[in-house]
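Position 366 (the sequence shown) corresponds to 365 in numbering that gives the first Met the number 0; numbering is contiguous. Glycine is no exception: its CB is placed at the ideal position from the N, C-alpha and C atoms. The model shown is predicted, which means the values in this text are computed figures rather than measured ones. Let me begin by presenting the structure, written as structure tokens, before commenting on it.
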Amino acid sequence: MKAYHSARRRARVVAAGLVVCAALVSSGSPAHAADEISIDHVESADGSVSVVLSVDGIPNSGTVDPERVSVEVDGRDVDAEVTSADSGRVERTSVIVLDASLSMGKDGKFDAATQAFRTYLDTAPDDVSIGLVTFAQNVVQIIDPTTDHESLATALDAVELRRGTSVYDAVRAGVKLVGDEGSRSLLVLSDGADTSSDTTLNVAINDALQDGVIVDTVSLGTAREAAVLGRLSEDTGGTVIPADPAALSSVFTAQADALSRQLLLTFPSPADVTGEATITVNAQGDDASYVDSAFVTLESGGTSLPQVVDHGTALVSRPMMLAGALSLFLGLLGLLVTVLSRPGRKSAAERRLDAYFDSAPGGGGTRRAARSGSTDLKESAVAITSKVVNEDLETRISQRLNGAGSALTASEWILLHAAIAVGSTAVGFVMSGPPMAVMLLLLGALLPWLYLKWRHRRRLNAFNAQLAQTLGLMAGGLQAGLSLPQAVDSVVREGHEPMAGELRRALVEQRLGIDITDALEGVGHRMDSEDFGWVVMAIRIQREVGGNLAEILNTVAETLREREYLRRQVKALSAEGRLSGYILTGLPPLILLYMYFVNRDYVRVLYTTVLGYILLAAACVLLAIGGFAMSRLAKVKV
């Protein structure tokens, strides 16, 4: 069903009824509304068009002869049946949002409001569904729209005045209550500014605009408070009327009278008109002709094939689209991992040996022929990436990868990193458009580095924790008469990862001709372990000046045990400060991400306006400074 709601027209349902009140409180007000007739609501379904026409703005009697009403569609006359809107063929809903705060009890304002509402219930057409929302510090009472007007009058007797005023929460509840079918109107009556809402004025306005609800307001407060309500009505196409308690009965009576004089125009949708069209209504009065028009979307009135999908509806639901995008991303990621990985990965030393043998006469052809064709794509991609990566960057990435225990090269890591960033950006764009794409691009670029750093730190901590025990085993081997390489080999055979793996690599390099102390120094450099660097330094000094190496290693092991004990004690004592830093640093971006999914309109201004970009940039800078300061305060170097 296609429906049309005109902001200017629908406001007239209430505005024309409030003319009596406006005349009481403002001098020089016109005797009637500027638009004598208005198209309030249009809906098109099953080849028929229904138009609700308000005629209460016509001067004097405010009535029009149905026989003198004509309708045109895109300038062509159509035969329309004109009846009263109270026939029930078009659903009409009205919701009253009533202030029940303590301030309404002064000067008899609440008594006048309830009496006016009862008058409205008695005089409103029987087919109009009326709902009620009362509010104070929060939304107190919500009564669904009903044609049983007497039950609403009974419920009104139970309303009690309370502290606080939550106008914006009540407006959101009223917008939800009025529904999305038929001709709808929402009237807010309050005497004060909002003081208690959990939401903001902009959010309430956005809710009304998204649902196509016009909010008309009656202000019993000061001019300043009326201005706030005026913005609510102005942005939603409604009207705000400042009034006094004595005029409320006239206000509601006029509104009910406006509903009772609405006309319903029904005509078949022209067969050759589909989509956007202009409907023009002409009503002939005694002394003048009154015209109004509306630009709407009509369904075809002719015979057509059944539509599989309604206009504006995607062939695939949003969850299915997200699932498909996620499946595509996981498939590409799996393909990339498969291409990059192969069984029996070789160390750097082994790759250098392969390169040497490949360059030897008679050796290269056989080895190249033995390579699998499935690695061609991987090698091509890695070769292109290698041209982009400079030597310094490759060295730093290789050191971090080696320390983390990864078998990937620097070029392979950058290629995988780029694939994660691009894939996450694509998923974010499919999910929520450019803002989410930018957010996931930043996460895709940052998280792999953080993961690599975390993995390296965890491996380094395990390495340092095993160092004292390792030195004890080496000292025991030296006391038993073993050489230094043999003592290292005993640790490799009896130790655990990551210590055993790193020392095994050092032994391989020693057997290829590298001095054992240089190989051990390479271990400390790869792991970025200061403690292990001291061990290598002690071994070098002993080899130059002599001495009992086993005793030296035992002394160093004891020192490392004491330092590790002190380090853990300091870590336990600073745990509260570090946890506070993590929470305070991570809370703002997490709240922003949460609000983006839960209440996007609330944070939309941050990524849709220049001022929002400035605020985000300033927040990031201040958050980085604060996080750095807290990390320095909580970090104790041992």
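Item	Value
Whole-angstrom C-beta distance between Leu-258 and Arg-75, which should lie under 8 Å	Actually they do not touch by this definition, with Cβ atoms about 31 Å apart.
Limits of the beta strand (DSSP E) - the one that Asn-281 falls within	274-283
Contact check, Tyr-289 vs Ile-36, beta carbons under 7 Å	yes
With 16 other Cβ atoms within 10 Å as the buried cut-off, status of Phe-627	exposed
Minimum C-alpha distance to Thr-554 - residue among Arg-567, Val-429, Ala-537	Ala-537
Three-state secondary structure (DSSP) of Gln-468	helix
When Gly-46, Pro-434, Leu-446, His-455 are compared against Ser-405, the one with the closest alpha-carbon	His-455
Beta carbon of Leu-120 nearer than 7 Å to that of Ala-152	yes
Distance between Asp-110 and Asp-197 (C-alpha atoms, nearest Å)	28 Å
Boundaries (first-last residue) of the alpha helix (DSSP H) holding Gln-568	548-572
6 Å Cβ shell around Cys-619 - same chain, five flanking residues per side excluded	none
Completely contained alpha helix (DSSP H) runs for the region 52-110, where each covers 4 or more residues	none
Contacting residues, own chain, Cβ-Cβ under 7 Å from Leu-247 (five flanking each side not counted)	Ala-111, Ala-112, Ala-115
Reduced DSSP category for Arg-183 - H, G, I as helix; E, B as strand; rest coil	strand
Buried versus exposed call for Phe-134 [16 or more other C-beta atoms within 10 Å across all chains shown]	buried
Terminal residues of the beta strand (DSSP E) in which Ser-37 lies	37-44
Length at least 4, wholly inside the region 155-225: the alpha helix (DSSP H) runs in chain order	166-177, 200-210
Leu-297 beta carbon less than 7 Å from that of Ala-276	yes
Extent of the continuous alpha helix (DSSP H) run through Ala-135	Unbroken run through Ala-135: none, as it is neither H nor E.
Rounded Cβ spacing between Gly-46 and Ser-268 (contact assumed at less than 8 Å)	5 Å
Bridge partners - Leu-263, DSSP secondary structure assignment	Val-51, Thr-82
Rounded Cβ spacing between Asp-190 and Val-166 (contact assumed at less than 8 Å)	Incorrect: roughly 10 Å between the Cβ atoms, too far for contact.
Asp-286 - containing beta strand (DSSP E), residue span	Taken as a continuous stretch (DSSP letters only), Asp-286 belongs to no beta strand (DSSP E), as it is neither H nor E.
Test item: CB-CB of Ile-204 and Asp-234 under 7 Å	yes
Straight-line Cα distance separating Gly-432 from Leu-592	15 Å
Beta bridge counterpart(s) of Phe-666 as assigned by DSSP	Residue coverage of the chain in this structure runs from 0 to 637, which leaves residue 666 outside it and unanswerable.
Unbroken alpha helix (DSSP H) run spanning Gly-626, endpoints	609-633
Cβ shell of Arg-399 (< 7 Å), same chain only, five flanking positions each side left out	Leu-451, His-455
Three-pair Cβ contact test at 8 Å for the region 62-74 versus the region 153-165	no
Closest Cα partner of Ala-44 within the set Arg-67, Thr-118, Gly-181, Ser-128	Gly-181
Burial state of His-40, where buried means 16 or more other Cβ atoms lie within 10 Å	buried
For Leu-176 and Val-94, believed in contact at Cβ under 8 Å, the rounded distance	5 Å
Inter-residue Cα distance where the pair is Gly-443 and Val-214	44 Å
Own chain partners of Leu-621 with C-beta closer than 8 Å, once the 5 adjacent residues on each side are dropped	none
Segment limits, alpha helix (DSSP H) that includes His-495	Where His-495 is concerned, there is no enclosing alpha helix (DSSP H), given that its DSSP letter is neither H nor E.
Exposure of Lys-634, with buried meaning 16 or more beta-carbon neighbours within 10 Å	exposed
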